[in-house]
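Novice: In this text, residue positions in the sequence shown follow the numbering used here: the first is 3, and each later residue adds one.
Below are the C-alpha cells for one structure; questions will follow.
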Amino acid sequence: AGGLGYAIAQAMINGIKRGLFSNEAGMGSAPNAAASATPYPPHPASQGYVQMLGVFMDTIVICSATVAIILMSGEFVPGGELTGIELTQAALSSQVGEWGSIFVAVAIFFFAFTSIIANYSYAETNLLFLEHNHKAGLGLFRIVVLGMVMFGALASLPVVWSLADVSMGMMAIVNLVAIILLSGTVIKLAKDYNRQLKEGKLPTFDANDYPELKSQLEDGIWYNSKKTDD
Numbered sequence: 003a004g005g006l007g008y009a010i011a012q013a014m015i016n017g018i019k020r021g022l023f024s025n026e027a028g029m030g031s032a033p034n035a036a037a038s039a040t041p042y043p044p045h046p047a048s049q050g051y052v053q054m055l056g057v058f059m060d061t062i063v064i065c066s067a068t069v070a071i072i073l074m075s076g077e078f079v080p081g082g083e084l085t086g087i088e089l090t091q092a093a094l095s096s097q098v099g100e101w102g103s104i105f106v107a108v109a110i111f112f113f114a115f116t117s118i119i120a121n122y123s124y125a126e127t128n129l130l131f132l133e134h135n136h137k138a139g140l141g142l143f144r145i146v147v148l149g150m151v152m153f154g155a156l157a158s159l160p161v162v163w164s165l166a167d168v169s170m171g172m173m174a175i176v177n178l179v180a181i182i183l184l185s186g187t188v189i190k191l192a193k194d195y196n197r198q199l200k201e202g203k204l205p206t207f208d209a210n211d212y213p214e215l216k217s218q219l220e221d222g223i224w225y226n227s228k229k230t231d232d
C-alpha cells in the first residue's frame, strides 16, 4: 500500500510540474497577454473564460493527442532510451512517415523561440510598469536574459528541469497569493457577467458601477464602456 501511494504521489507531482509547462495555469504569466486583449463581450470576466478554455485545449486536447500518438505507435518502452521529444518524433514518424520527425523539430523550434520572445516581453513590460526603465538597467537585464538562454541551451537536461521547476514554483506561489487577494473581485465580476447572460443581455462592464474598484483600475479603462443591445 505504501509503495502504491508513493507511486501515485510521484505521478501527481510530475503531472503538475509538466502540466505547468503546457498551460502555465496559476503562474501569472499568460495574464500579461490576456490583460492587453480587447475582450468580446466587453467584460473582464469574458477574458477569464477564454483563458480557462485555453488551459483545457492545451492540456486536455493537445497533450492527450500527443499521448495517444505515442501509445498507438508502439515506440514507447518503459525504461527505454527514447524519451521526451525524441520519443514524440519517433512515434509520429511511425504513423505518418519521416516528415513527422521534421514537423516536430520545426514545431519545437517555433515554440521555444516564441516562448523566449513572449516571456522577455512580459518581463520588460513589468519592469516598465514598475518604472525601472533606466537604459543601463534594461541593458543589463537583456544581457542576463541572453546569458540564461545560452545556459539553458548548453546545460544538462536534469539541471534545466530542476531550475525550471524551482522558478515556476516561485512564480506560482507569488501569483496564488495575488489570486487569493483578488478572489473577492473575481467573484463579484463573474456574478455580474453570469447575471447579464441569464437576462439575455450582452455582458458589458462599466467601472462607474463599481466605485470600490476604482483604486485597482487605470484611468480611462473600463469606464463608460456600456453598449446598448441591438
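Just so you know, even glycine gets a beta-carbon here, dropped at the ideal spot from N, CA and C.
Since we're looking at a predicted model, the values are computed, not measured.
1) Is the Cβ-Cβ distance between G82 and L94 less than 8 Å?
2) Using alpha carbons as the reference points, say which of N196, R20, L140 lies closest to S123.
3) Tell me which same chain residues have a C-beta within less than 7 Å of the C-beta of A39, skipping the five on either side of it?
4) Measuring straight from C-alpha to C-alpha, what distance separates A36 and G5?
5) If you reduce the DSSP assignment to three classes, tell me which class F113 lands in.
6) Would A27 pass as a contact of V69 if the rule is Cβ separation under 8 Å?
7) Can you tell me where the alpha helix (DSSP H) with T68 in it begins and where it stops?
8) Put E88 into one of helix, strand or coil per three-state DSSP.
9) Based on Cα-Cα distance, which residue from L184, R20, G76, N128 lies nearest to V162?
10) How long is the line joining the alpha carbons of A11 and F23, rounded to whole angstroms?
11) On the CB-based measure, 16 or more other CB atoms within 10 Å of its CB, does Y42 come out buried or exposed?
12) If you drop the 5 nearest sequence neighbours on each side, which residues of the same chain put their C-beta closer than 8 Å to that of S75?
13) Distance check for A9 and G86, CA to CA, integer angstroms please.
14) Nearest-angstrom Cα distance between V168 and I15?
15) Would you tell me roughly how many angstroms separate the C-alpha atoms of L219 and Y51, rounded to the nearest one?
16) Assuming N177 and G30 form a contact by the criterion Cβ under 8 Å, report the distance between their Cβ atoms to the nearest whole angstrom.
17) Taking only runs that begin and end inside the segment 155-208, name each unbroken alpha helix (DSSP H) of 4 or more residues, in chain order.
Specialist: In this structure, then:
1) Counted from its first residue, the sequence shown places residue 82 at position 80. Counted from its first residue, the sequence shown places residue 94 at position 92. No, these two residues do not count as a Cβ contact at 8 Å.
2) By one-based count along the sequence shown, residue 123 stands at place 121. Comparing Cα positions, the closest option is L140.
3) Looking up residue 39 in the sequence shown gives position 37. Same-chain partners within the cutoff: Q49.
4) In the sequence shown, counting from the first residue as 1, residue 36 sits at position 34. In the sequence shown, counting from the first residue as 1, residue 5 sits at position 3. For A36 and G5, the distance between alpha carbons rounds to 42 Å.
5) Counting from 1 along the sequence shown, the entry for residue 113 is found at position 111. Looking at F113 - three-state DSSP - the assignment turns out to be helix.
6) Indexing the sequence shown from 1 puts residue 27 at position 25. Indexing the sequence shown from 1 puts residue 69 at position 67. No, the Cβ-Cβ distance between A27 and V69 is not below 8 Å.
7) If you number the sequence shown from 1, residue 68 lands on position 66. First-last of the alpha helix (DSSP H) with T68: 66-75.
8) In the sequence shown, residue 88 corresponds to position 86, counting from 1. E88: helix per DSSP, three-state reduction.
9) Residue numbering aside, residue 162 sits at position 160 when the sequence shown is read from its first letter. The shortest CA-to-CA distance from V162 to any of L184, R20, G76, N128 is the one to R20.
10) Position 9 of the sequence shown, counted from the first residue, corresponds to residue 11. Position 21 of the sequence shown, counted from the first residue, corresponds to residue 23. Distance between the alpha carbons of A11 and F23: 19 Å.
11) Within the sequence shown, numbered from 1, the residue matching residue 42 stands at position 40. Exposed is the call here.
12) As a position in the sequence shown, residue 75 is number 73, starting the count at 1. Result list for S75: A92, A93, L94, S96, Q97, in chain order.
13) The sequence position of residue 86 within the sequence shown is 84, counting from 1. The sequence position of residue 9 within the sequence shown is 7, counting from 1. The alpha-carbon atoms of G86 and A9 are separated by roughly 20 Å.
14) Along the sequence shown, one-based indexing puts residue 168 at 166. Along the sequence shown, one-based indexing puts residue 15 at 13. Computed Cα separation, rounded: 13 Å.
15) Taking the sequence shown and counting its residues from 1, one reaches residue 219 at position 217. Taking the sequence shown and counting its residues from 1, one reaches residue 51 at position 49. Distance between the alpha carbons of L219 and Y51: 20 Å.
16) What you label residue 177 is simply residue 175 of the sequence shown in a count that begins at 1. What you label residue 30 is simply residue 28 of the sequence shown in a count that begins at 1. For N177 against G30, the beta-carbon gap comes to about 3 Å, under 8 Å, which counts as contact.
17) For the segment 155-208, whole alpha helix (DSSP H) runs of length 4 or above, ordered along the chain, are 159-200.
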